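Each residue of the sequence shown is one higher than the one before, starting from 1194 at the first, in this note's numbering.
All C-beta atoms in this analysis are idealised placements derived from N, C-alpha and C, irrespective of residue type, glycine included.
The structure presented is a predicted model; accordingly, all values stated were derived computationally and were not measured.
Here the structure is laid out as structure tokens; the discussion comes afterwards.
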Amino acid sequence: MMWFFVLLAFSLSALARKRTEDVYRTYHVVLRRRCLKLLRNETLADDAMQEVFWTICRNIEKYRGEPKDILPWLYRITTTHCFKLLDKNKRWNRNVDAMIEEGCARYEANLTDRELESKVAVQAMLEKLPETMREVVVYRYVSGLTQSEIAEVMDVSRDHVRTTLKRFQERAEKWQAS
């Protein structure tokens, strides 16, 4: 990332340079983890991080929100870039089942029978969800985003996110009861 700060020094105003450096120091670990989750490849994630921060660097002066509320904006840039990479590499069309199994496979060996049954039930439930609902659920319960952050990342209203999560909870309760 050293080259990044060299370019930064020559291409931005002092305020933009400071804001970008602050964003990097504060959020680079979270954003790299997001890249790694989406791309499932360390080399691709590292390359994506450089490109993501270059995009952030070029657009930091356009961000008009509060500094404390910047994470959803950063998530949107990161997620969009990673999805473009996946699409470009023709890996975006992979089966959701395979993606879920890939992420969980390394833990299965250590699971008890009951934990394994729960995992299989959760997988089955996620597979039955509509794509938009599944995306909201993953952002909320896997990535830990708030409803407002999810709304901003997905470019939908907070009410849409709230309603989607409520419908998910209703479905989950029905599945659990049956």
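Sub-8 Å separation of residue i and residue j beta-carbons
i: L1237; j: L1278; result: yes
i: Y1268; j: R1333; result: no
i: M1326; j: F1276; result: no
i: L1264; j: E1342; result: yes
i: Q1340; j: V1354; result: yes
Proximity to residue i [Cα-Cα], best of the options
i: V1213; options: L1232, G1258, I1253, D1352; result: Strictly speaking, residue 1213 in this sequence is Thr, with Val absent from that position. Checking every option, the nearest Cα to that of T1213 belongs to I1253.
i: E1345; options: R1227, W1266, L1232, K1367; result: W1266
i: L1319; options: R1351, L1338, R1364, R1355; result: R1364
i: V1335; options: Y1217, Y1220, A1207, K1230; result: K1230
i: K1211; options: P1260, D1240, A1241; result: P1260
i: A1314; options: Q1340, T1339, D1352, W1368; result: W1368
i: L1322; options: S1350, L1338, E1235, T1357; result: T1357
Residues near residue i by beta carbon distance below 8 Å, same chain, minus five either side
i: I1270; result: V1245, T1248, I1249, N1252
i: R1218; result: none
i: L1232; result: A1238, A1241, C1275, L1278, L1279
i: K1273; result: Before going on, a small fix: residue 1273 reads as Thr here, not Lys. Here the set comprises nothing.
i: S1206; result: E1254
Cβ neighbours of residue i in the same chain (closer than 7 Å, five flanking residues each side left out)
i: Y1256; result: I1263, W1266
Alpha helix (DSSP H) runs contained entirely in the region 1327–1368, provided each spans 4 or more residues: Entirely contained in the region 1327–1368, the alpha helix (DSSP H) runs reaching 4 residues are, in chain order, 1340–1347.
Length at least 4, wholly inside the region 1204–1258: the alpha helix (DSSP H) runs in chain order: Unbroken alpha helix (DSSP H) stretches of 4 residues or longer found wholly inside the region 1204–1258: 1207–1232, 1235–1252, given in chain order.
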